[in-house]
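Working notes, beginning with the structure itself.
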Amino acid sequence: MKYIYLLLTTLVITTSCSIDNNEEIKNQAPIDYTAENEAAIKTFIEQNNLNAVKSDSGLYYVINELGTGAQPTATSNVTVAYRGTYVNGQVFDQSTTGISFNLQEVIAGWTEGITYFKEGGSGLLLIPSRLGYGSNDFRGIPGGSVLIFEIDLLSVN
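Under this note's numbering, the residues of the sequence shown are numbered 20 to 176, in order.
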């Protein structure tokens, strides 16, 4: 009985501490990674000899193939094959066969960036953290990360 009480007490303390820590994280002011992200993106562009365009939002994109089909809007449903990496080349996600989604359901960098391509187009999106997952860790992606996506716009549905 003594051991059960000790186990339950430990469980309650551990759980309440992790809840408190999660609340602290939620209540922290976001960290501004703008300058750091900008420098990392510019270095990536130079190292890879890319001809990237910077949008007003701070998104960089490279159009390898514009495509010839329909051009999506920020509210379109699309199917995209992609490979997501960090600036160091480490892959964090990919879909070679393509996934379908509405552009309003994804990170801001995709909502904006995919609209620069037409169906059949391909290229790169270089997304600063403020247009990605922000300054907090998200599903294994470290807060403040620049995200690089190689994309193929398979269809506008």
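Beta carbons are placed, not taken as given, at the ideal position from N, Cα and C, and that holds for glycine. Being a predicted model, the structure only gives us computed values, none of them experimental.
* Asked: Do the CB positions of Leu78 and Glu124 come within less than 8 Å of each other?
  -> What you label residue 78 is simply residue 59 of the sequence shown in a count that begins at 1. What you label residue 124 is simply residue 105 of the sequence shown in a count that begins at 1. In this structure, Leu78 sits away from Glu124, with a CB-CB distance that is not shorter than 8 Å.
* Asked: Alpha carbon to alpha carbon, how far is Asp75 from Asn176?
  -> Position 56 of the sequence shown, counted from the start, is the residue given in the question as residue 75. Position 157 of the sequence shown, counted from the start, is the residue given in the question as residue 176. Spanning the two alpha carbons is a distance of roughly 27 Å.
* Asked: In three-state DSSP terms, what is Arg158?
  -> To locate residue 158, count along the sequence shown from 1; it is residue 139. In this structure, DSSP gives Arg158 a state outside helix and strand, which the three-state scheme calls coil.
* Residue range of the unbroken beta strand (DSSP E) whose run includes Ile64 -> Residue numbering aside, residue 64 sits at position 45 when the sequence shown is read from its first letter. Premise fails: Ile64 lies in the alpha helix (DSSP H), 53-66, not in any beta strand (DSSP E).
* Express the C-alpha separation of Ser95 and Ser119 in angstroms, rounding to a whole number. => In the sequence shown, residue 119 corresponds to position 100, counting from 1. In the sequence shown, residue 95 corresponds to position 76, counting from 1. Going from the Cα of Ser119 to the Cα of Ser95 covers about 10 Å.
* Just grab the DSSP bridge partners of Thr104 for me. => Your numbering for residue 104 matches position 85 in the sequence shown. Residue pairing for Thr104: DSSP places it in a beta bridge opposite Val110, Ile167.
* To do: With DSSP as the reference, label Ile126 as helix, strand or coil.
  => Against the sequence shown, residue 126 aligns to sequence position 107. DSSP, reduced to helix, strand and coil, places Ile126 outside both helices and strands of the structure shown, so it counts as coil.
* Asked: Using the beta-carbon count (16 or more within 10 Å), is Asp156 buried or exposed?
  -> On the sequence shown, position 137 is the one that residue 156 refers to. By the neighbour-count rule (16 or more Cβ atoms within 10 Å), Asp156 is not buried but exposed.
* **Same chain only: Cβ atoms within 6 Å of Ala71, ignoring 5 sequence neighbours per side** => Position 52 of the sequence shown holds residue 71. Taken in chain order, the residues that qualify are Ile64, Tyr79, Val81.
* What residues in its chain sit with their C-beta under 6 Å from that of Thr115, if we drop five residues either side in the sequence? -> Residue numbering aside, residue 115 sits at position 96 when the sequence shown is read from its first letter. Sequence-distant Cβ neighbours of Thr115 in its own chain, meaning closer than 6 Å and more than five residues away, are Ala100.
* Taking just the CA atoms, how far does Leu69 sit from Arg142? -> Stepping through the sequence shown from its first residue, residue 142 is reached at position 123. Stepping through the sequence shown from its first residue, residue 69 is reached at position 50. With the sequence shown as reference, residue 142 is identified as Gly, and Arg is not the correct amino acid for it. For Gly142 and Leu69, the distance between alpha carbons rounds to 11 Å.
* **Member of Ile167, Lys137, Phe136 whose CA lies at the smallest distance from the CA of Phe151** => Walking along the sequence shown from the start, residue 151 turns up at place 132. Going by the sequence as given, residue 151 is Gly instead of Phe. Of the candidates Ile167, Lys137, Phe136, Ile167 places its Cα closest to the Cα of Gly151.
* What distance in whole Å lies between the Cβ atoms of Ala54 and Ala106, which are believed to be in contact at a cut-off of 8 Å? -> Here residue 106 corresponds to residue number 87 of the sequence shown, with the count starting at 1. Here residue 54 corresponds to residue number 35 of the sequence shown, with the count starting at 1. It should be noted that the sequence gives Val, not Ala, for residue 106. Their Cβ separation, rounded to whole angstroms, is 15 Å, which puts Val106 and Ala54 out of contact at 8 Å.
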